[in-house]
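Residue numbers (our numbering), protein chains in the order written: chain A, 6 to 167; chain B, 928 to 1316.
By construction, the Cβ of each residue, glycine as well, lies at the ideal position given by its N, Cα and C atoms.
Computed from a prediction, not measured in an experiment: that's the story for all the values here.
Note sheet for the following structure.
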Amino acid sequence: MDEILEILQNNAKADSKDMAKQLNLPEQEVKKRIMEYEKKGVIIKYKAIINKELLTDEIQDVTALIEVKVTPQKDKGFDSIAERIYRFPEVVSCYLLSGGYDLLVIVRGPDLKTVSSFVSEKLAPMENINGTVTHFILKKYKDDGDILISQHPKDTRPAVSA
Amino acid sequence: MKKNKYDLSKMIEALPPSGIREFFDLVLTMDDVVSLGVGEPDFPTPWHICESAIFSIEQGLTSYTSNKGMLDLRSKIAHKIQKKCGVAYDPEEEVLITVGVSEAMDVVLRAILNPGDRVAVIKPSYVSYSPCVIMAGGVPVEIECFPENGFKLDPSDLEKECKKGLKALLLNYPCNPTGVSYTEEELKTIAQIIKNYHLLTLSDEIYDSLTYDFEHTPLLSFPDMKELVIYLNGFSKGYAMTGWRIGYVAAPREITGLANKIHQYTMLCAPIMGQFAAVEALRNGESEVEVMKKEYKRRRNFLVSRLNEMGLKTFMPSGAFYTYSQISSTKLHAKVFAKDLLMKKRVAVVPGTAFSEKGDQYIRISYASSFENIKEALFRMEDFLKELK
């Protein structure tokens, strides 16, 4: 992968001037490539990762992982049923998996009731869906590579050493 | 000189204090310091290595090991050296696990030197080389490297000293503090001198995996080097394992035999937890070394570019994680520069005088610090330089 993408993936706010220096490239070249990636949709958007575990005074979102068993459709396989599911804004992720069930759908809502009714009223009754199992997330330790529950460890190195 | 109260060791008393010590004490008194003065990786040890050591402790593996270190670890090291250098070492007799390369350096020097033996130390160098030679009864012969030569050893300077008689050479590349390394061609010339003068050479290649612009060439990879080269390496820098204190020596059995004699009487063995961690590092650590190396390289490029823009002349170092930057434009002595920068802007760097008597126009800047820290430190340095004008 292009190192520009590697850097941005870890820090969406990385400065193109800094990147140019880091990668020994002209700044114009860095800007050009980023623009191309944006245009092509390689870079979809830039967003902040918010550690909601630390927002203790707010009501926490509820997230559930839902295993979905599906009867695939002729010609379209799983894609069209997947699309019917992932177009709901409540669905934050949707994956086709190998193994005991077909789709893993991650649903987020403001409370338990909202998520449950989404599953029972929207998802489960859908045509070609043969069954669902819902797992509510109780605690997030690590999310997409970022550890959420502990603070960064303190730098214990002596400030000056040979 | 006033005779000390206890009549303590005159040799140790006469050793110069580490050029970093006083500076270190000063930094300790301050908050909000952004340090580019650190000589160890900022990355934590990769988790699979830590986890493996934790598992070994859970298994109750907390004993001594054989003096030379665990045979499994020595075998893996011998295998790695064979792969990198094409030289076979007998893990039973020719590999010794030490408490970091620091201990390796000490026991080897004591094993090979007789009183008065002259040992070439290439300056600027890591702070402990000359003191270790002195403590082993030898006489350090310091060969200075100059900016005109890119801070590389001029082979003719080495040859001159060889003609006067040298017992051994201490070579370190990539080099702390300059980041200088040598290409295969350059090493070929050095290897030829080593061979011609039958010069025992301690080759400290602890930073070898952090070489950015070309492949690191081990000194051992040249013909007939096994008889003369004492290969020193360890886990601290590449695998980010400084605190585990595991280094090693590979050398002809006569030398490891004597080195082990000292090691067994003074150290007994390296800590077993560290040895288990090192085994795991060799087994599964390479991909994480590559990730860290990539990040160091980006920081290096950024740092060198910014320093030159700011007017601190800095050549591109090919390895380790330091720049050796010239501060002549400020007309300040390195010690004054470092102290003022610390007092006024809370940025720590190390004055070049810690590494060479001729280092008063240089500072060592470490990029073993996060990109954000480096960026912040450079902003502060830029302010500092502006205020000097």
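Residues bridged to A1177/B [DSSP beta-bridge criterion]: Here residue 1177/B refers to the residue found at position 250 when the second sequence is read from its first residue. V1022/B and Y1158/B.
Unbroken beta strand (DSSP E) run spanning T137/A, endpoints: Your numbering for residue 137/A matches position 132 in the first sequence. First-last of the beta strand (DSSP E) with T137/A: I134 to F141.
Rounded C-alpha distance that separates Y1056/B from Q1009/B: Residue mapping note: residue 1056/B aligns to position 129 of the second sequence, counting from 1. Residue mapping note: residue 1009/B aligns to position 82 of the second sequence, counting from 1. Using only the alpha carbons, I get a separation of about 27 angstroms.
Closer than 8 angstroms at the beta carbon, the chain B residues around Q33/A: On the first sequence, residue 33/A is found 28 positions in, with the first residue counted as 1. Neighbours of Q33/A on chain B: none; closest Cβ ~16 angstroms, over 8 angstroms.
Closest by C-alpha distance to E990/B, when choosing among T1280/B, P1198/B and N1228/B: What you label residue 990/B is simply residue 63 of the second sequence in a count that begins at 1. What sits at residue 990/B in the sequence shown is Ser, not Glu. The option with the nearest alpha carbon to S990/B is P1198/B.
Nearest neighbour of A1204/B, chosen from A1265/B, A980/B and E1030/B [CA to CA]: Numbered from its first residue, the second sequence carries residue 1204/B at position 277. Of A1265/B, A980/B and E1030/B, the residue nearest in Cα terms is A980/B.
Residue range of the beta strand (DSSP E) that includes P1198/B: Reading the second sequence from its first residue, position 271 is the one you call residue 1198/B. Counted as a single uninterrupted DSSP element, the stretch harbouring P1198/B is not any beta strand (DSSP E), since DSSP gives it neither H nor E.
Q65/A, DSSP secondary structure in three states: Locating residue 65/A in the first sequence gives position 60, counting from the first residue. Residue state, collapsed to three classes: coil.
I154/A burial status per 10 Å Cβ neighbour count (16 or more: buried): Counted from its first residue, the first sequence places residue 154/A at position 149. In summary, I154/A is exposed, with fewer than 16 beta-carbon neighbours lying within 10 Å of its beta-carbon over all protein chains present.
Given A17/A as reference, the closest of K37/A, S166/A and K52/A once Cα atoms are compared: Residue 17/A sits at position 12 when you count from the first residue of the first sequence. That would be K52/A, whose Cα lies nearest to the Cα of A17/A.
Cutoff 9 angstroms: S962/B Cβ touching any chain A Cβ: Working through the second sequence from its first residue, we reach residue 962/B at position 35. Chain A, which has a Cβ nearer than 9 angstroms to the Cβ of S962/B, makes this yes.
Helix, strand or coil at V1035/B according to DSSP, with G and I counted as helix: Looking up residue 1035/B in the second sequence gives position 108. Helix, per DSSP.
Three-state secondary structure (DSSP) of A941/B: Working through the second sequence from its first residue, we reach residue 941/B at position 14. A941/B: helix per DSSP, three-state reduction.
T992/B classed as buried or exposed, judged by whether at least 16 other C-beta atoms fall within 10 angstroms: Counting from 1 along the second sequence, the entry for residue 992/B is found at position 65. That one is buried.
Per-residue burial, W974/B [other beta carbons within 10 Å of its own, 16 or more giving buried]: Within the second sequence, residue 974/B is the residue found at index 47, counting from 1. Answer is exposed; the Cβ neighbour count stays below 16.
DSSP beta-bridge partners of Y1249/B: Indexing the second sequence from 1 puts residue 1249/B at position 322. DSSP output for Y1249/B lists S1293/B as bridge partner(s).
CB of A1176/B within 9 angstroms of CB of L1023/B, strictly: Position 249 of the second sequence, counted from the start, is the residue given in the question as residue 1176/B. Position 96 of the second sequence, counted from the start, is the residue given in the question as residue 1023/B. The question names Ala, yet the displayed sequence has Val at residue 1176/B. Yes.
Proximity winner among I48/A, N29/A and V35/A, relative to D20/A (alpha-carbon distances): Within the first sequence, residue 20/A is the residue found at index 15, counting from 1. Answer by Cα proximity: V35/A.
Identity of the residue in K1091/B, I1070/B and F951/B nearest P1082/B by Cα: For the purposes of this step, residue 1082/B is identified with residue 155 of the second sequence, where counting begins at 1. If we check each option's Cα against that of P1082/B, I1070/B comes out closest.
9 angstroms Cβ cutoff met for V112/A and L101/A: Here the question's residue 112/A lines up with position 107 in the first sequence. Here the question's residue 101/A lines up with position 96 in the first sequence. For V112/A and L101/A, no; Cβs fall outside 9 angstroms.
Beta-ladder partner(s) of V120/A, from DSSP: As a first step, residue 120/A must be located in the first sequence, where it is residue number 115. None; V120/A has no bridge partner.
Proximity of Y1249/B and F1242/B at Cβ, strictly below 9 angstroms: Numbered from its first residue, the second sequence carries residue 1249/B at position 322. Numbered from its first residue, the second sequence carries residue 1242/B at position 315. Going by C-beta atoms, Y1249/B is not nearer than 9 angstroms to F1242/B.
V960/B and L1269/B closer than 9 angstroms at C-beta: Translated into the one-based positions of the second sequence, residue 960/B becomes position 33. Translated into the one-based positions of the second sequence, residue 1269/B becomes position 342. Their beta carbons are under 9 angstroms apart, which means V960/B touches L1269/B by this criterion.
Spatially closest choice to I4/A from N56/A, K57/A, F93/A and M40/A, by CA coordinates: Since the first residue shown for chain A is 6 and the last is 167, residue 4/A is missing from the structure and cannot be characterised.
Rounded separation between E1097/B and V1231/B - CA only: One-based indexing of the second sequence puts residue 1097/B at position 170. One-based indexing of the second sequence puts residue 1231/B at position 304. One detail in the question is off: residue 1097/B reads as Leu in this sequence, not Glu. Whole-angstrom Cα-Cα distance: 28 angstroms.
Three-pair Cβ contact test at 8 angstroms for the region 1122-1141 of chain B versus the region 1085-1100 of chain B: As far as the Cβ criterion goes, the region 1122-1141 of chain B touches the region 1085-1100 of chain B, which means the pair count is three or higher.
F950/B: contacting residues in chain A (beta-carbon distance under 7 angstroms): Taking the first residue of the second sequence as position 1, residue 950/B is located at position 23. Ordered by position in chain A, the residues that pass the 7 angstroms Cβ test against F950/B are V165.
Whole-angstrom C-beta distance between I1173/B and Q1202/B, which should lie under 8 angstroms: For the purposes of this step, residue 1202/B is identified with residue 275 of the second sequence, where counting begins at 1. For the purposes of this step, residue 1173/B is identified with residue 246 of the second sequence, where counting begins at 1. 6 angstroms between Cβ atoms; contact.
Residues near L1093/B in its chain [Cβ-Cβ closer than 8 angstroms; skip 5 each side]: Numbered from its first residue, the second sequence carries residue 1093/B at position 166. Correct list, in chain order: R1045, V1046, A1047, V1068, Y1124 and L1126.
Any 3 or more C-beta pairs closer than 8 angstroms across the region 1269-1278 of chain B and the region 1158-1172 of chain B: no
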